[in-house]
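Reading through the structure tokens given below for one structure.
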Amino acid sequence: MEKLIASTVSRLDVNFHTDAFAQKSAKDGSYEAMMALGLQASQTRLARQAFFRVMEENLKFDTASIQDMKRGRLPLVSSLDPKDVLNLSCNSMLVLATSLRNQFLLQPVCLADWTSSMVALTPAISFWLCLFCEHIILPSRTSEFTFIDFHHSVVFILTWTTNQRKMKMEPKLFTDYLPFLWFHPPPDCMKYDLDDARALFSAVDHGFMTCDEPQTQLFVRRLEENATLTAKLVVQFIVDEFAHIQKESHMSLLYRSFSAVTSCTFYFACDSLSIHAALLKNNILRWMCLVFRFVTRSVRFTYVTLPLATRCVGMGLVYVIRLTQDGHSYIHQLLGYDILLYMFKALRNLHAHPELIDQQNKILKTSVENHTVTIVHGIISHFAYASILKRSKKAISKIQRQHVDEFLSSVDPGLKQVCEAWTQLVNIASHRSDIWSIPDSCCGSSQCPGTSVGKFMACSGCQFERYCSRTCQKDDWSSGDHHSLCTKIKQLRSDGGPLPMCLSDRRAFEGLSRQLYKQRPFEWGVLLSAYIAENGKPDPLWPMLCVLDYYTVNVEPDIHIESAEQRVEHIDPEILAKARERGGTLVYCILPDDLELIGLPTPPLYTVAFNKGTSVNSADNGKD
């Protein structure tokens, strides 16, 4: 026993002297000694306290000479001495950031233990970062300092030391210096290396989450000064990450990067029309869906990767919701990129790891479920577009073939809304197809005889209008009907803008509306009687509107009766005059989007005018 006690005392004595030596060396600027303390800090509370005491000592900034530096009085010649205050402070923050990164990769559950100590260092970190940016990086003096790579250091430190939500840094770090770093890689470099790019995007993401609205707006205005470059940097970062996947040993870094870039893309879409448009022009939808495909793979998740992947999906779905408000063509495009499949794969992964669902993941899981329901309902409400209905049916079939929907049979009460939305999607898509044979028989040529039964093909120029045969395509081009539309669609695609309703979709929509109107004579009569009973006999100057509201999550559109006076701003005066002359009733269709048709010919005896998301159809007193 005495030997055991003596051995223990001796070992503790050696550790004490070793730690004391390491702390002294760390205070003298030894990077290796500081890193050793950083590694020990993750093991015990005492080691962590010792590490942060050294950091506090090395980052002090209240001396007269250091304050003079803040006013621009930096040495004319850089020092190679590790104890020099610039080298010491920068190396100390590098060690601090590296230690936080290692904690994230190895023991993320312990990161919370560092928060209070990090918050105490916030003024010092903020001071030194501002000094480095103001007097070394912005004046392009980084090449003068051979001991420290200040450009890399600032980006890395800014990311990992501000990763705690409770830390409030100097506002101009986000509003002024981060935009400069975004546009200006280190001297003699065409772009950031991948590690620095990861740090940069994480810093931007953190800034969006923690800064108040005026600061965020100022930051975005800075990036809008070169919206095209901003968009290219976003897409290039995604491309670089995909190129690096096979080499990455820490999957958590990939999930973190994809989460950050997805979040930034969403914030840009909300806060900047110019950056949003530039991203769409750079085909961001395709890249976002590739990110979805990666983060929704069926793999074994951990406590680190699951919340990162789930946050990425959640932010991506919010971006999709934001995007679908801009027009039906984006929904059509997203369906082509398998967005439905990836949404349900994400939910399947969440429900495959119940042991990982802590309070944080439960919140993220609920968010993904709610966003999924919103998007599914949005797709259903656009089934008036035959092209969207057709792509939805293909997506449903793909999900069912891959058995992705099997997890929906779970008894998890959280899945109730998702199950209901999925059932609605399947049933309504099936029902619309049963009552609607028109999508497979509507050609984009106004001269189509309707005799072809072959597979539909798209115009090779615009990839927009669809034809039932090469003959119809040639006839439409020869007649000149498609020339201007083709040119305009190609320009819209190049700009990433929303597309109008194509003629084949429009003809299918007209046919469906006519069919639904004629199938319900009794219902229209009942509705008209109820309207007269409540409002009195209609004014002859204002024809009645039979309203078909397609912006609804039902098998068929909602219907009601109202006076044309209530919708006069959306009705073509010629159609209104025609209805007054004939004493007719108008069929008024409400669509989900604010779209206008681009010079498309109107079929005879059935007039349609689109404006502000609506259409008005002349019923011609029951004439076909």
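The working numbering numbers the first residue of the sequence shown as 43 and each following residue consecutively.
Ideal placement from N, C-alpha and C gives every residue a C-beta, glycine not left out.
A quick note: this is a predicted structure, and the numbers were derived from the prediction, not measured.
Unbroken alpha helix (DSSP H) runs of length 4 or more, entirely within the segment 484 to 549: which are they?
512 to 521 and 525 to 537
Look at the Cβ atom of residue 333, then the Cβ atom of residue 287, and state whether they are nearer than 8 Å.
no
Counting Cβ pairs, one atom from each stretch, are 3 or more of them under 8 Å apart for the segment 312 to 328 and the segment 265 to 278?
yes
Taking the alpha carbon of residue 389 as the reference point, which residue from 432, 446, 367 and 433 has its own alpha carbon closest?
446
If you run the structure through DSSP and keep just helix, strand and coil, what is residue 591?
strand
Verify whether the separation of the beta carbon atoms of residue 336 and residue 300 is less than 8 Å.
yes
Can you give the beta carbon distance from residue 592 to residue 542, rounded, assuming they're within the 8 Å contact cut?
With 8 Å as the limit, residue 592 and residue 542 do not qualify as a contact, their Cβ atoms being about 16 Å apart.
I think residue 129 touches residue 71, with their Cβ atoms under 8 Å apart; what is that distance to the nearest whole Å?
6 Å
Kindly indicate which residue of 308, 93, 101 and 88 has the alpha-carbon position closest to the one of residue 64.
93
Can the beta-carbon of residue 173 be found closer than 8 Å to that of residue 199?
no
When the Cα atoms are used, what is the spatial distance from residue 372 to residue 178?
45 Å
Could you say which of 565, 604 and 538 lies nearest to residue 317 if we only look at CA atoms?
538
DSSP state of residue 581, grouped into three classes?
coil
Note the first and the last residue of the continuous alpha helix (DSSP H) segment covering residue 282.
269 to 286
Relative to the alpha-carbon of residue 550, which residue among 499, 583 and 485 has its alpha-carbon at the smallest distance?
485
Using CA coordinates, which residue listed in 498, 239, 582 and 563 is at the minimum distance from residue 546?
498
Mind checking whether residue 101 and residue 141 have CB atoms under 8 Å apart?
no
Buried versus exposed call for residue 310 [16 or more other C-beta atoms within 10 Å across all chains shown]:
buried
Consult DSSP for residue 597 and reduce its assignment to one of helix, strand or coil.
coil
By the 10 Å Cβ neighbour count, where 16 or more other Cβ atoms means buried, how is residue 576 classified, buried or exposed?
exposed
Span separating the alpha-carbon of residue 512 from that of residue 289
48 Å
If distances are taken between C-alpha atoms only, which option among 582, 586, 558 and 581 comes closest to residue 569?
586
Could you have a look at residue 348 and say whether DSSP puts it in helix, strand or coil?
helix
With a threshold of 8 Å, are at least 3 pairs of Cβ atoms found where one atom belongs to the segment 253 to 272 and the other to the segment 212 to 226?
yes
For my contact list, residue 330 and residue 366 are in at a C-beta cut-off of 8 Å; report their separation, rounded to the angstrom.
With a Cβ gap of about 13 Å, residue 330 and residue 366 do not count as contacting.
The segment 386 to 406 / the segment 341 to 357 touching (three or more Cβ pairs under 8 Å)
yes
Going by CA-CA distance only, name the one from 470, 409 and 517 that's closest to residue 488.
517
Beta-bridge partners of residue 604, as assigned by DSSP:
587
Status (buried if at least 16 other CB within 10 Å, exposed otherwise) for residue 644:
Interpretation of residue 644 is limited by its pLDDT of 31, a score under 50 that renders its predicted location unreliable; the figure taken from the coordinates is listed afterwards. With fewer than 16 Cβ atoms within 10 Å of its Cβ, residue 644 is classed as exposed.
So residue 631 is in the beta strand (DSSP E); what residue range does that whole segment cover?
628 to 632
Just the Cα atoms here: how many angstroms apart are residue 146 and residue 361?
27 Å
When DSSP labels each residue in this structure, what does residue 414 get in the three-state scheme?
helix
Please classify residue 315 as buried or exposed, where buried requires at least 16 neighbouring CB atoms within 10 angstroms.
exposed
Work out the CA separation of residue 523 and residue 608 for me, nearest whole Å.
35 Å
Quick check: what's the CA-CA separation for residue 356 versus residue 111?
44 Å
Three-state secondary structure (DSSP) of residue 177:
helix
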